[in-house]
Structures are given as C-alpha cells and as structure tokens.
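In the working numbering, the protein residues as written are 15 to 352.
Notes to accompany the following structure.
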C-alpha cells in the first residue's frame, strides 16, 4: 500500500473490544464507517497458540479486567473463529471500509493470507519473533510494523528479516506499549527518528487517552494513525479503558482531516484568500496633506496608510524627491509621472 501525509491512513483498532461477540463486532464496523476511518482492524489468534497456560496478564490487563486469571483464560473469551473473521471481512466490503486484522500465530497468518488483505499489521510484541516475521514476509504482502518496546537496532533487525524473506513495502508505526500511555512516555519525536533512520513511511499507534496526541502526530507528518476504539469504555475487557468511544473516534477523524488540509504544500505564497485581503491589510504611499502639481515629495507631505492598492511603502525612498505630476488631495494615493 502507498501511504502519504496528504491523506493520513486512519485505522480504527477494534482489536478484541468485540468481547467475542459477532453482533458487537458488526456494530463496531458500523461505528467505524460512520466515523469516516479508512480501515477497521481486528486481532486474529488461536489462544492456545498465542500464550502458554502459565502466562500471566500484564498489569494493565489485571486492572482493566479486575481479575488476575491467566492470559489464556482471558483470551479464550475474546477469540473469534476464522469463519467469523471471513464474515466480518464480507461485512466490511459491503460497508465500504477496509478490513484488516493482526495475526498472532502461524495458523492466523495463513488464514488471513487467504482473505487477500492488502497489508499485514505486525504488532509490537512480535518484532523480535523471527519465525513469525518470516511467515508474514513469505506472504509477499505489504507490512505495517509497530515498534513499541523496541530499540532502533531491533527495528533494523526486524526490517532486515522482513526484506530477506520477501515482504512487500513496509511502513513503521511508533508507539508506546502501555494502556493507556502516560503523556510523558509518548515521545512523538521518535517518529522523526524512525523516518530518518530507515527512510520509510512512518505513523503512530496511539494508546493515550483522548485524541490530542494523534492530532499532534498528524501535524508532525504521520502517514498512518491507529487508535483503539470501543462502543462503550465501561464494557468488561482489557482494552476498553484505553479506547475511544464512537463520537470521539469521529472527532479524531475530523480533527486529523483538518490538520491534513492545514499542512498544505509547503510553498510560501499568498493564498487565494490572502490575495483578496492584501489591498485591505497592506498600506500605500498617500498624501499627508494637499499637494500641488510640481511640488517635491517630502517626508512632510507624504505618509503611509491603507489601502494597499497604490505604491508600496517599500519604494519610499524612490518616491521622496520626485515631483508631483498633478494635484493630490490629503489621503489620496500617490502616483508618479511617466
């Protein structure tokens, strides 16, 4: 896929916020379409192939689920079948929004490849998983690689693996893997570090509360923005608390599109509106008092006032000392003789 800051690619991250319910997943697709995003992304996994029986939850997962049961137990409740994802893709096609999903195991990679997705999204947790990177790359599809928790050397190693095994074009997402991300740990300037280091399209996967950091990322040149959303932050589940609700997602899209328009093309020249306002806002050389034909223009009989439709004050010293070609009334725009 081609990414550009002229149209920032906005991904509504549904993730597992459907809580294992197809009805909720469809409603999330509806909400994402209404918000105007480019894509909605889910997470595809087989729980037993993603985590071991002894894997514990992250602290934020314990807080948000009010439970310290295992990751496996939590994820089993959030899992959808492959055929259900195929159904969700068909529904996205009908609604006119791009379906994406992040695979978390080899079976899920192979399945999603059958859906002919234009791009694979690799999550931050897999950036050091060489067999996984190889499996994704061998689909020969384009890749969006999240870089949360990673150092530059780890990003470089992942890129090397993806290229070695045949990945298509690659884009990078800066992110901070904490839910929600504290503002002091966002480090948006790392987006520019990634861009300079690897000369690739760069975006931001936003786990902060609110929309302002995503808007700031857009202003800093992000080509892709990814943001978790939910139908209701009060729902039970690990990611709802760090997610936007539908009206906030819509506000994010509007704000990013405004930033997109405001960034412009970088040329410093008057806009069409400014061209109309120049004569009103700028000034011209005018008569400070009545001036008779043949009098010499001096600092006493000339001044500078609006409008700006006459001789520019930048020609002040060119006009001084010249002779009035005709009579001028006070405040009249000065003209020079042939």
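Quick reminder that beta carbons are idealized off the backbone N, C-alpha and C, glycines included.
{"Query": "Residue of 172, 249, 246 and 342 minimising C-alpha distance to residue 212", "Result": "172"}
{"Query": "Of the residues 131, 89 and 307, the one placed nearest residue 99, counting alpha carbons only", "Result": "131"}
{"Query": "Neighbourhood of residue 174 by C-beta distance below 8 Å, restricted to the same chain and skipping five residues each side", "Result": "none"}
{"Query": "Nearest-angstrom Cα separation, counted from residue 161 out to residue 268", "Result": "26 Å"}
{"Query": "As assigned by DSSP and simplified to three states, the class of residue 230", "Result": "helix"}
{"Query": "Pairwise C-alpha distance: residue 55 and residue 117", "Result": "11 Å"}
{"Query": "Between the CA atoms of residue 305 and residue 274 - distance to the nearest angstrom", "Result": "52 Å"}
{"Query": "Beta-bridge partners of residue 189, as assigned by DSSP", "Result": "219"}
{"Query": "Distance CB(residue 17)-CB(residue 237) smaller than 9 Å", "Result": "yes"}
{"Query": "Opposing strand residues paired with residue 57 [DSSP bridges]", "Result": "116"}
{"Query": "Residue 242 to residue 104 span [Cα, whole Å]", "Result": "22 Å"}
{"Query": "Identity of the residues DSSP links to residue 87 by a beta bridge", "Result": "In the DSSP output, where bridge partners are listed per residue, residue 87 has none listed."}
{"Query": "Straight-line gap, residue 297 to residue 235 (C-alpha atoms, nearest Å)", "Result": "37 Å"}
{"Query": "Endpoints, beta strand (DSSP E) assigned at residue 298", "Result": "298 to 301"}
{"Query": "Residues near residue 119 in its chain [Cβ-Cβ closer than 7 Å; skip 5 each side]", "Result": "59, 60, 63 and 64"}
{"Query": "Buried/exposed call for residue 155, threshold 16 Cβ in 10 Å", "Result": "buried"}
{"Query": "Coil, strand or helix - residue 123 by DSSP", "Result": "helix"}
{"Query": "Start-end ranges of the alpha helix (DSSP H) lying completely within the stretch 148 to 216, minimum 4 residues", "Result": "166 to 178 and 204 to 212"}
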